[in-house]
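K.L.:
Take this structure, written in structure tokens, and hold onto it; I'll ask about it next.
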Amino acid sequence: MSIAIPSADVLITAVADYLERELAPTLTGYHRFQARIAVNVLKTVAREWRLDATQPGTEGDAAHVLAEQLRDGSLALDTPGLADTLRDVLRRQLAVDNPTWIGPVTPASPATPQPR
Amino acid sequence: MPIIEDTAEAAAPQQAVHTALTRAMRRHLDPDAQITELDRLTGGATKQTWAFTLTNGAHAQRMILQRCPEPARQAGDGPRVPRLSAAEDAALMRLARAHGVPAPEVCLVLDDADGLGPGYVTQHVTGITLGRAVVRDAAYARARERMATQAGEILAAIHAMPPQAAPFLDGLSPADELRLYTRLLRAHAVQHPVLEYAVRWIEAHLPGQWQDSIVHADFRTGNLIVDEQGIRCVLDWEIARRGDPLQDLGVLCMRTWRFGGAGHAGGFGSREDLYASYERASGRGLDVDRVRFWEAFANLKWAINCVRRGLAQGPDGRAASLELAAIGRRLGEPLWDFLDIVTPETA
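Pasting the structure below:
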């Protein structure tokens, strides 16, 4: 356990909160737009730090291996379970980069995004 | 390649543009022209858009100055990323208007003597382009009811334009498009399994034949001027090409460009309305599976562009900009949408 306090994600979130709550409202035009991007980037980094801290794993390596097998053709596109595995890769990625992109998992939920 | 090469302009861009633009308008259009209310609409060092009022005595009209970067010289063999020069862009928009397509009305094309670089001046069109406003503001609720139908009609008109009247357009087959985008991807050291899957899937499903047509290639919410009557003007023609026209419908239906709107077509309307309108206006049945193919491919192209922008470096080796670096983290979105389109979810 780190002796550094507060943790990195708390620091990053503090910067994001300052930008969003205090600085951005004083800005207009280009800088206001860029400040909003900065806030979202910091929140992404905080989520990544928390995910790495709580679920350290070799997902990255497994993803690389899978990418190589797909690129060199050793894995068929219709391999059973492949689509589900690819979705799992993206679920983890989107949980960090944009948690709002995928709706609630339960198909019966009325909040689920409409089928394609 | 940056537009601003003149140090005087870099120091005082507003004044420099005002001076040069006044000279240009007097030279090309009206020796007594005055320029007022000059406003820069877009940021950045590449494509610059300015609005201004051209007055002569009592007569005043609002106009747009578009300054365009030169298409980049591209190294290597193989298909190029289509990018029209200012003169070609203007010629295409003139052709579009001549065929009943709502495009900006070109008043003049800049030449070297104007000292503004490549570009053109068009009539201003009143309306909004901002995606989030188009898809959700109450002021445009009535417009949204008819926009999918309008989009179908406009796209059919674009696709009916004679390609031979625009000989400067690059022709790209579906295989050419895949070769081009794969080459762009391989310029970066990226090992993403869903990207690789998508490249192979597109390759395995490439259409063998299509109705060779003029293709806008970026017809989507964000590039349409909208007012309370609906779509008023189609912008951003500079990546137009010749190819399979159904890719324009695929791009329009991408989830990324719905800006949170519920309608599958542009976030503003239904796929059914768009398809029915396109069929009626084109007088041909619509291959819905082909539209889905191009929607999937459009997602792959956007994913590859997320890689390129996310990894874009400045001269110091750091991220070229905050905005570009941030786009790299949007990679998962079009890849998720790609899987939704091509594979049913069984989990």
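Chains A and B, in that order, give the protein sequences.
Going by our numbering, the first sequence opens with residue 1, and the numbers climb by one from there.
Going by our numbering, the second sequence opens with residue 1001, and the numbers climb by one from there.
A virtual CB, placed ideally from N, CA and C, is assigned to each residue, including glycine.
Predicted model only: the values in this text are computed from it and were never measured.
Have a look at B:K1301, B:E1295, B:R1132, B:T1055 and flag the residue whose alpha-carbon is nearest the alpha-carbon of L1185 (chain B).
P.N.:
Checked all of B:K1301, B:E1295, B:R1132, B:T1055; the closest Cα to L1185 (chain B) is B:K1301.
K.L.:
Please state the DSSP three-state secondary structure of I102 (chain A).
P.N.:
If DSSP states are grouped into helix, strand and coil, I102 (chain A) belongs with coil.
K.L.:
Can you list, in chain order, the residues of its chain whose CB lies under 7 Å from that of S7 (chain A), leaving out five sequence neighbours each side?
P.N.:
So the list is empty, once near-sequence residues are dropped.
K.L.:
Buried or exposed for G1269 (chain B), going by 16 or more other Cβ atoms inside 10 Å?
P.N.:
Its Cβ being crowded by 16 or more others within 10 Å, G1269 (chain B) is buried.
K.L.:
Locate the beta strand (DSSP E) running through S1277 (chain B), then write down its first and last residues.
P.N.:
From DSSP, S1277 (chain B) is part of no beta strand (DSSP E) but of the alpha helix (DSSP H) over 1271 to 1282.
K.L.:
Hey, could you find the ends of the alpha helix (DSSP H) Q34 (chain A) is sitting in?
P.N.:
It spans 29 to 54 - the alpha helix (DSSP H) in which Q34 (chain A) sits, taken as one unbroken run.
K.L.:
Quick check on DSSP: helix, strand or coil for W1050 (chain B)?
P.N.:
Note: W1050 (chain B) maps to strand in three-state DSSP.
K.L.:
Please classify G1260 (chain B) as buried or exposed, where buried requires at least 16 other C-beta atoms within 10 Å of its C-beta.
P.N.:
The residue in question, G1260 (chain B), is exposed, as its Cβ has fewer than 16 Cβ neighbours within 10 Å.
K.L.:
Nearest-angstrom Cα distance between R1258 (chain B) and D1032 (chain B)?
P.N.:
C-alpha separation (whole angstroms): 45 Å.
K.L.:
Might you give, ordered along the chain, the residues of its own chain that have their beta carbon closer than 8 Å to the beta carbon of L1172 (chain B), omitting 5 neighbours on each side?
P.N.:
Only P1079, P1082, L1180, R1241, R1242, G1243 meet the Cβ criterion.
K.L.:
Looking only at its chain, what residues have a beta carbon closer than 6 Å to the beta carbon of A108 (chain A), apart from the 5 residues adjacent to it on each side?
P.N.:
Caution applies to A108 (chain A), whose pLDDT of 41 falls short of 50 and renders its modelled position unreliable; the value that the coordinates give is listed next. Result list for A108 (chain A): empty, nothing under 6 Å.
K.L.:
Taking just the CA atoms, how far does M1093 (chain B) sit from P1167 (chain B)?
P.N.:
The straight-line gap from Cα to Cα measures roughly 14 Å.
K.L.:
Per DSSP, what are the beta-bridge partners of N1223 (chain B) in this structure?
P.N.:
DSSP output for N1223 (chain B) lists no bridge partner at all.
K.L.:
With Q1313 (chain B) as the anchor, note down where its beta strand (DSSP E) starts and where it stops.
P.N.:
First-last for Q1313 (chain B): undefined, no H or E at that position.
K.L.:
Where does V10 (chain A) land, buried or exposed, given buried means 16+ other C-beta within 10 angstroms?
P.N.:
It is exposed - the Cβ of V10 (chain A) has fewer than 16 other Cβ atoms within 10 Å.
K.L.:
Is it true that the CB of M1254 (chain B) sits closer than 8 Å to the CB of R1220 (chain B)?
P.N.:
Yes; because the gap between Cβ atoms is below 8 Å, this pair is in contact.
K.L.:
Return the chain-ordered list of same chain residues with a C-beta closer than 6 Å to the C-beta of Q69 (chain A), the five sequence neighbours on each side being excluded.
P.N.:
Answer for Q69 (chain A): L75, listed in chain order.
K.L.:
Who are T1055 (chain B)'s beta bridge partners in DSSP?
P.N.:
Note: T1055 (chain B) sits in a beta bridge opposite B:Q1034, B:A1060.
K.L.:
Enumerate in chain order the residues of its own chain whose CB-to-CB distance from A1296 (chain B) is below 6 Å, with the five nearest sequence positions on each side excluded.
P.N.:
Closer than 6 Å at the Cβ level, and outside the excluded window around A1296 (chain B), lie F1338, I1341, V1342.
K.L.:
So, with DSSP's three-state summary, where would you put Q93 (chain A)?
P.N.:
Looking at Q93 (chain A) - three-state DSSP - the assignment turns out to be helix.
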